[in-house]
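Below: one structure, written as structure tokens.
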Amino acid sequence: MAEISASKARTIIRKAMAKGDEMGFKPLSVVVLDAGGHVKAFERADGAAPGRFGIAHGKAYGAIMLGMAGTAQMARAEQQAYFMAAVNGVYGGQVVPVPGGVLVHDKRGAVIGAVGVTGDTSDNDVIAAMAGLEGAGLTGEA
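All letters in the sequence shown, in the order written, are residues 472 to 613 by our numbering.
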């Protein structure tokens with residue numbers, strides 16, 4: 472199985488941050504997790520709130536642990552709040568079920584990790600995450 476290298480993770484972050492700057496987003500924070508939910512890289516832009524790591528991580532962690540992108544998690548939370556509350560209990564409160572948690576796929580379609588972006592609106596966070604993945608030659612499921 473392919474994996475996200477540290478170099479590739481830094482590229483994803485650099486490209487996501489650049490997209491945020493280009494589009495005038497608020498300061499972003501970006502985390503990249505491997506397929507096991509472990510942090511490969513993280514960066515918090517100057518001016519981003521200090522608590523943004525937890526949010527970025529929760530978006531990506533929920534995506535990888537559930538095999539479900541943030542948009543799908545939010546829909547599930549709206550339909551079955553009790554389920555997502557239970558899931559969050561299982562994962563120690565680490566799941567943030569909103570857009571901005573993006574599953575990362577390799578060229579064969581296998582999930583190899585997740586990206587979590589926070590700092591602007593959830594929709595803008597997704598735009599930045601997808602730009603980061605595209606810039607690194609990967610595809611994402613938002």
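In this text, a Cβ means the ideal position worked out from N, Cα and C, and glycines have one as well. Please read these numbers as outputs of a predicted model, since none were measured by experiment.
Secondary structure of residue i, DSSP reduced to three states
i           : result
residue 626 : Beyond the ends of the chain as shown, which are 472 and 613, falls residue 626; an answer cannot be given.
residue 508 : coil
residue 514 : strand
residue 476 : coil
residue 529 : helix
residue 542 : helix
residue 607 : coil
residue 482 : helix
residue 552 : helix
residue 581 : coil
Option nearest residue i by Cα separation, candidates the options
i           : options            : result
residue 573 : 525, 513, 523, 599 : 599
residue 543 : 509, 568, 489      : 568
residue 528 : 539, 518, 571      : 571
residue 531 : 549, 502, 546      : 502
residue 613 : 481, 560, 541, 582 : 541
residue 487 : 588, 511, 578      : 588
residue 575 : 520, 608, 560      : 608
residue 597 : 473, 494, 474, 479 : 494
Within 8 Å, strictly: CB atoms of residue i and residue j
i           : j           : result
residue 498 : residue 516 : yes
residue 595 : residue 496 : yes
residue 505 : residue 584 : yes
residue 535 : residue 563 : no
residue 483 : residue 558 : no
residue 500 : residue 523 : yes
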